[in-house]
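**Q** I have a structure here, written as structure tokens, and I will follow up with some questions on it.
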Amino acid sequence: MKVKPVFGYQICPFCGGNVEYAGISSGHIFPDINTGQMYVCRECGYQGSFIIEVDDLDDVRKFREELKINSEGIKTPAFKLPEKWMWLWKIMLVIIVIFFILGIIGYIEMIIAK
């Protein structure tokens, strides 16, 4: 017999997989509507605040069966960096590392000069 979680079962609305709490995000346009709690699906990579919570393991199985029947052609909305912009992210990373190294060198020179 499997022990039921304290808060029920939290499942992904797109694939029915297990989700885990990922923290709180801020800066929403409508903060009273969105709690800012973010979840991540372990199976499909969904990231969002909307999840399905059920109390019974049989309900989880039924939900997953319905998803299999009704999910043809649905793509999971997951945030990914555009591939064509990858060069920009790499250049930004190099610039940040250079400034970090220069900052450390400047700090060491300041300590030595004292």
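Numbering-wise (this note's numbering), the sequence shown opens with residue 2 and increments by one. Beta carbons: idealized from backbone N, C-alpha and C, even for Gly.
1) Report the option in 14, 69 and 55 whose CA atom is closest to the CA atom of residue 48.
2) From residue 45 to residue 110, what does the alpha carbon distance come to, in whole angstroms?
3) Among the candidates 114, 21 and 54, whose CA atom is the shortest distance from the CA of residue 39?
4) Rounding to the nearest angstrom, what Cα-Cα distance links residue 96 and residue 88 in this structure?
5) Quick one: grab the DSSP three-state call for residue 47.
6) Can you grab the Cα-Cα spacing for the pair residue 2 / residue 93, in whole Å?
7) Helix, strand or coil for residue 53 per DSSP?
8) Short check: CB of residue 53 to CB of residue 106, under 8 Å?
9) Please return the same chain residues whose Cβ sits closer than 6 Å to the Cβ of residue 16, not counting the five positions on each side in sequence.
10) Helix, strand or coil for residue 17, going by three-state DSSP, please let me know.
**A** Quick look at the numbers:
1) Residue 48 sits at position 47 when you count from the first residue of the sequence shown. Nearest of 14, 69 and 55 to residue 48, Cα basis: 14.
2) Taking the sequence shown and counting its residues from 1, the one referred to as residue 45 is at position 44. Taking the sequence shown and counting its residues from 1, the one referred to as residue 110 is at position 109. If you take the alpha carbons of residue 45 and residue 110, they lie about 49 Å apart.
3) To locate residue 39, count along the sequence shown from 1; it is residue 38. Looking at the Cα atoms, 21 is the closest of the given residues.
4) Within the sequence shown, numbered from 1, the residue matching residue 96 stands at position 95. Within the sequence shown, numbered from 1, the residue matching residue 88 stands at position 87. Each residue's Cα considered, the two are about 12 Å apart.
5) Sequence index remark: in the sequence shown, residue 47 carries index 46 (1-based). DSSP places residue 47 in coil when its eight states are reduced to three.
6) Residue mapping note: residue 2 aligns to position 1 of the sequence shown, counting from 1. Residue mapping note: residue 93 aligns to position 92 of the sequence shown, counting from 1. Per-residue confidence for residue 2 stands at a pLDDT of 49, beneath the threshold of 50, marking its modelled position as unreliable; the derived number appears in the next sentence. The straight-line gap from Cα to Cα measures roughly 52 Å.
7) Locating residue 53 in the sequence shown gives position 52, where the first residue counts as 1. Note: residue 53 maps to strand in three-state DSSP.
8) To locate residue 53, count along the sequence shown from 1; it is residue 52. To locate residue 106, count along the sequence shown from 1; it is residue 105. No; because the gap between Cβ atoms is not below 8 Å, this pair is not in contact.
9) Numbered from 1 along the sequence shown, position 15 holds the residue referred to as residue 16. So the list reads 44 and 45, once near-sequence residues are dropped.
10) Within the sequence shown, residue 17 is the residue found at index 16, counting from 1. Coil, per DSSP.
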